[in-house]
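*Asks:* Its first residue numbered 43, the sequence shown is counted upward by one per residue in the numbering used here. Every residue, glycine too, gets a C-beta built ideally from N, C-alpha and C. Right, I'll just put the structure down here and ask away after.
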Amino acid sequence: CEPTGEDVTDALRKKAYELGYGEVGFVHFDRRYIYQARRKDVRADLPHAICLALEQDYSATQNLPSLEAEEAQGEAYKRQAELAEKLVGYINSLGYSAQVSGPTWHFGPMIPMFVQAGLGQLGVNGQLLSPHFGSRARLQIILTNAKVNYDKPVDYGIHKFCEVCQVCFMRCPGRAIQGQRLWFRGVEKAKLIYKRCRPVMARYSGCGVCMKVCPIQKYGLEPVMEHYIETGEVLGKGTANLEGYELPDKGYFKPGKLPVLGAEFFDMPVGKTEDHIVEEYKEGLAEASSQAEREKIWEKYRESMERSLARRNSIIDMGMDLAN
Numbered sequence: 043c044e045p046t047g048e049d050v051t052d053a054l055r056k057k058a059y060e061l062g063y064g065e066v067g068f069v070h071f072d073r074r075y076i077y078q079a080r081r082k083d084v085r086a087d088l089p090h091a092i093c094l095a096l097e098q099d100y101s102a103t104q105n106l107p108s109l110e111a112e113e114a115q116g117e118a119y120k121r122q123a124e125l126a127e128k129l130v131g132y133i134n135s136l137g138y139s140a141q142v143s144g145p146t147w148h149f150g151p152m153i154p155m156f157v158q159a160g161l162g163q164l165g166v167n168g169q170l171l172s173p174h175f176g177s178r179a180r181l182q183i184i185l186t187n188a189k190v191n192y193d194k195p196v197d198y199g200i201h202k203f204c205e206v207c208q209v210c211f212m213r214c215p216g217r218a219i220q221g222q223r224l225w226f227r228g229v230e231k232a233k234l235i236y237k238r239c240r241p242v243m244a245r246y247s248g249c250g251v252c253m254k255v256c257p258i259q260k261y262g263l264e265p266v267m268e269h270y271i272e273t274g275e276v277l278g279k280g281t282a283n284l285e286g287y288e289l290p291d292k293g294y295f296k297p298g299k300l301p302v303l304g305a306e307f308f309d310m311p312v313g314k315t316e317d318h319i320v321e322e323y324k325e326g327l328a329e330a331s332s333q334a335e336r337e338k339i340w341e342k343y344r345e346s347m348e349r350s351l352a353r354r355n356s357i358i359d360m361g362m363d364l365a366n
């Protein structure tokens, strides 16, 4: 099919909603948000970004951290892949090209473009807070050369509300959330402390406590804002319904209580997996006493390195904005 050159913004938005996406926005694709290692893989002839948010199951999300919630996340990613294939097919039928970012392969951080598209704002928890389903939004971008009109950012009042709320900051098991925004690489934004977030995520089913305890996620933006305007209070703050959570080997934590995690808990390997594989290989060679042992060590090194490099192209991130 040959492209007509007509504006297809409304047609694409309608199709995306019909497929099941909860939020749809259009922006210029800012190539500054491409990971350096993936620049060569992202097509340069697709100047527009379609920002697509899919809602993760509500009930399962309220049970974070848990296997149930982790499975709900996986189901959302699986559905994203199915919907993206259909939407790309539709774009192709109009005579245009497309390239998908997410759920299993991302070219870089997506939140900035979702904010630019008016689909939410960055919360203190480092996640996009959507006006309809808060941080339950699973993010995906489709690049295209189809003719579209761009959306504009919207100030939903989330930045100011987060400064007052602070629930995720107070309830984070790893104390990884910073209560106030800070300047990072020339931009004032909310950032997480990566070294305190990652160990908790790794040990507790991806954690997600910051998602669970966010009032906007649990109750929706409009009810939360209306309640604050009427009462001057944050809806659900201080209640077990919003703030309570359980960690498998630590028990239940009611509002005001946090787990005690020692220094050894946060002692996790840092750097690239390949670096650790190389160090193991060197240590093995130093201890090997025969040619046969050295050959086995080499074979193990080769297989481990191949697996690690293959996994690089199949990483699923959490849509979070983390700082080293």
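Check each candidate in 338, 62 and 352 and name the one with the smallest Cα separation from residue 179.
*Replies:* For the purposes of this step, residue 179 is taken as the residue at position 137 of the sequence shown. For residue 179, the nearest C-alpha among the options comes from 62.
*Asks:* Starting from residue 294 and walking both ways along the beta strand (DSSP E), at which residues does that stretch end?
*Replies:* Taking the sequence shown and counting its residues from 1, the one referred to as residue 294 is at position 252. Its beta strand (DSSP E) spans residues 293–295.
*Asks:* Expressed to the nearest angstrom, what Euclidean distance is found between the alpha-carbon atoms of residue 51 and residue 157?
*Replies:* Start at 1 with the first residue of the sequence shown, and residue 51 comes out as number 9. Start at 1 with the first residue of the sequence shown, and residue 157 comes out as number 115. The straight-line gap from Cα to Cα measures roughly 18 Å.
*Asks:* For residue 109, which option in 55, 288 and 121 has the closest C-alpha, if you only look at C-alpha atoms?
*Replies:* Taking the sequence shown and counting its residues from 1, the one referred to as residue 109 is at position 67. With distances taken between Cα atoms, residue 109 lies closest to 288.
*Asks:* How many angstroms separate the CA atom of residue 194 from the CA atom of residue 211?
*Replies:* Start at 1 with the first residue of the sequence shown, and residue 194 comes out as number 152. Start at 1 with the first residue of the sequence shown, and residue 211 comes out as number 169. Between residue 194 and residue 211, the C-alpha separation is close to 29 Å.
*Asks:* Under 8 Å between the Cβ atoms of residue 164 and residue 258?
*Replies:* Within the sequence shown, the letter at position 122 stands for residue 164. Within the sequence shown, the letter at position 216 stands for residue 258. No. Outside cutoff.
*Asks:* Could you check how far apart the C-beta atoms of residue 143 and residue 152 are, in whole angstroms? I think they sit under 8 Å.
*Replies:* Here the question's residue 143 lines up with position 101 in the sequence shown. Here the question's residue 152 lines up with position 110 in the sequence shown. That belief holds up - the Cβ atoms of residue 143 and residue 152 are roughly 7 Å apart, short of 8 Å.
*Asks:* Spell out a yes or no on whether the segment 242–252 and the segment 211–224 are touching, meaning 3 or more CB-CB pairs, one atom from each, closer than 8 Å.
*Replies:* Yes: the two stretches touch, three or more of their Cβ pairs being nearer than 8 Å.
*Asks:* Take residue 352 and list the residues in its own chain whose beta-carbon comes closer than 7 Å to its own, dropping the five residues that flank it on each side.
*Replies:* Position 310 of the sequence shown, counted from the start, is the residue given in the question as residue 352. Sequence-distant partners of residue 352 (beyond 5 residues in either direction) whose C-beta falls short of 7 Å from its own C-beta are missing from its chain.
*Asks:* Identify, in the order they occur along the chain, each residue of the same chain with its Cβ nearer than 6 Å to the Cβ of residue 105, setting aside the five sequence neighbours on each side.
*Replies:* Residue 105 sits at position 63 when you count from the first residue of the sequence shown. Cβ within range, chain order: 111.
*Asks:* Take the Cβ of residue 285 as the centre, count every other Cβ of all protein chains shown within 10 Å, and call the residue buried at 16 or more, exposed below.
*Replies:* Residue mapping note: residue 285 aligns to position 243 of the sequence shown, counting from 1. By the neighbour-count criterion, in which a residue is buried when 16 or more other Cβ atoms sit within 10 angstroms of its Cβ, residue 285 is buried.
*Asks:* In the DSSP assignment, find the alpha helix (DSSP H) that holds residue 156 and state where it starts and stops.
*Replies:* Position 114 of the sequence shown, counted from the first residue, corresponds to residue 156. From DSSP, the alpha helix (DSSP H) with residue 156 extends over 153–158.
*Asks:* When the Cα of residue 45 is compared with those of 262, 326 and 189, which residue comes out closest?
*Replies:* As a position in the sequence shown, residue 45 is number 3, starting the count at 1. Of 262, 326 and 189, the residue nearest in Cα terms is 189.
*Asks:* So the beta strand (DSSP E) residue 287 belongs to, where does it begin and stop?
*Replies:* For the purposes of this step, residue 287 is taken as the residue at position 245 of the sequence shown. Here the beta strand (DSSP E) through residue 287 covers 287–289.
*Asks:* Need the endpoints of the beta strand (DSSP E) that residue 231 sits in, please.
*Replies:* Here residue 231 refers to the residue found at position 189 when the sequence shown is read from its first residue. Per DSSP, residue 231 belongs to the beta strand (DSSP E) from 229–231.
*Asks:* Our contact map puts residue 133 next to residue 186 with C-beta atoms below 8 Å; I'd like the distance itself, whole angstroms only.
*Replies:* As a working mapping, residue 133 is identified with position 91 in the sequence shown. As a working mapping, residue 186 is identified with position 144 in the sequence shown. Residue 133 to residue 186, Cβ: 6 Å. Contact.
*Asks:* Over the uninterrupted alpha helix (DSSP H) stretch that includes residue 116, give me the two end residues.
*Replies:* Mapped onto the sequence shown, residue 116 falls at position 74. Residues 109–135.
*Asks:* If you run the structure through DSSP and keep just helix, strand and coil, what is residue 92?
*Replies:* Here residue 92 is taken as the residue at index 50 of the sequence shown, counted from 1. Here residue 92 sits in strand by DSSP.
*Asks:* Nearest to residue 297 by CA position, among 88, 173 and 209, is which residue?
*Replies:* Here the question's residue 297 lines up with position 255 in the sequence shown. Ranking 88, 173 and 209 by Cα distance to residue 297 puts 209 first.
*Asks:* Out of 260, 119, 57 and 98, point me to the one whose CA is closest to residue 128's CA.
*Replies:* To locate residue 128, count along the sequence shown from 1; it is residue 86. Residue nearest to residue 128 within the set 260, 119, 57 and 98 is 57 (criterion: CA-CA distance).
*Asks:* Just checking my contact of residue 169 with residue 253 at CB under 8 Å: how many whole Å lie between their CB atoms?
*Replies:* Start at 1 with the first residue of the sequence shown, and residue 169 comes out as number 127. Start at 1 with the first residue of the sequence shown, and residue 253 comes out as number 211. Correct: roughly 7 Å between the Cβ atoms.
*Asks:* Decide if residue 366 is buried, meaning its Cβ has at least 16 other Cβ atoms within 10 Å, or exposed.
*Replies:* Here residue 366 corresponds to residue number 324 of the sequence shown, with the count starting at 1. In this prediction, residue 366 has a pLDDT of 31, which is less than 50 and means its spatial position is unreliable; what the coordinates show is noted afterwards. Residue 366 is exposed by the Cβ-count criterion.
*Asks:* Beta-carbon separation of residue 71 and residue 102 under 8 Å?
*Replies:* Indexing the sequence shown from 1 puts residue 71 at position 29. Indexing the sequence shown from 1 puts residue 102 at position 60. No, Cβ-Cβ distance for residue 71 and residue 102 is not below 8 Å.
*Asks:* Thinking just about the alpha-carbon of each residue, which of 147, 224 and 300 is nearest to the one in residue 79?
*Replies:* For the purposes of this step, residue 79 is identified with residue 37 of the sequence shown, where counting begins at 1. Nearest option by C-alpha distance: 147.
*Asks:* Helix, strand or coil for residue 219 per DSSP?
*Replies:* Taking the sequence shown and counting its residues from 1, one reaches residue 219 at position 177. Residue 219 falls in the strand class under three-state DSSP.
*Asks:* Tell me, to the nearest whole angstrom, how far the beta carbon of residue 166 is from that of residue 95; I am working on the premise that it is less than 8 Å.
*Replies:* Here the question's residue 166 lines up with position 124 in the sequence shown. Here the question's residue 95 lines up with position 53 in the sequence shown. Not confirmed; about 19 Å, so no contact.
*Asks:* Measure the alpha-carbon distance for residue 225 versus residue 207 and round it to whole angstroms.
*Replies:* Within the sequence shown, residue 225 is the residue found at index 183, counting from 1. Within the sequence shown, residue 207 is the residue found at index 165, counting from 1. Distance between the alpha carbons of residue 225 and residue 207 is about 21 Å.
*Asks:* Assign residue 49 to buried or exposed, taking buried as 16 or more other Cβ atoms, counted over all protein chains shown, within 10 Å of its Cβ.
*Replies:* Sequence index remark: in the sequence shown, residue 49 carries index 7 (1-based). Exposed, since its Cβ has fewer than 16 Cβ neighbours within 10 Å.
*Asks:* Verify whether the separation of the beta carbon atoms of residue 67 and residue 160 is less than 8 Å.
*Replies:* The residue you call residue 67 lines up with position 25 of the sequence shown. The residue you call residue 160 lines up with position 118 of the sequence shown. Contact flag set, yes.
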